[in-house]
């Protein structure tokens with residue numbers, strides 16, 4: 095996976111970056127929530143199903 099470091103405003107500020115050991119980290123700034131995922135697909139699905147569809151689309155597009 096190529097290096098990821100993006101910031102998205104999707105109803106609230108969201109930071110997404112690649113952490114240690116290949117983990118993908120997502121910080122939902124409005125709720126002060128930090129999420130960690132093993133795969134890109136898991137991160138995209140989590141954003142999509144939690145209502146952050148714009149962020150999911152941008153993350154998917156940033157990795158192509």
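Numbering (my numbering), first residue to last: 95 to 158.
Ideal Cβ placement from N, Cα and C applies to all residues, glycine included.
Being a predicted model, the structure only gives us computed values, none of them experimental.
Requested in this report: Output yes or no for whether 8 Å exceeds the beta carbon distance between residue 130 and residue 117.
Outcome: Numbered from its first residue, the chain shown carries residue 130 at position 36. Numbered from its first residue, the chain shown carries residue 117 at position 23. Cβ atoms of residue 130 and residue 117: closer than 8 Å.
**Report entry** residue 128, buried or exposed, once every other Cβ within 10 Å from all chains shown has been counted against 16
**Finding:** Numbered from 1 along the chain shown, position 34 holds the residue referred to as residue 128. It counts as exposed.
Report task. Consult DSSP for residue 98 and reduce its assignment to one of helix, strand or coil. Result -> Translated into positions along the chain shown, residue 98 becomes position 4. Note: residue 98 maps to coil in three-state DSSP.
Requested in this report: Whole angstroms is fine: what's the gap from residue 119's alpha carbon to residue 133's?
Outcome: Counted from its first residue, the chain shown places residue 119 at position 25. Counted from its first residue, the chain shown places residue 133 at position 39. Their backbone Cα atoms lie some 10 Å apart in a straight line.
Query - beta strand (DSSP E) segment containing residue 121, residue limits - result: By one-based count along the chain shown, residue 121 stands at place 27. Looking at the DSSP string, the run of the beta strand (DSSP E) that includes residue 121 is 118-122.
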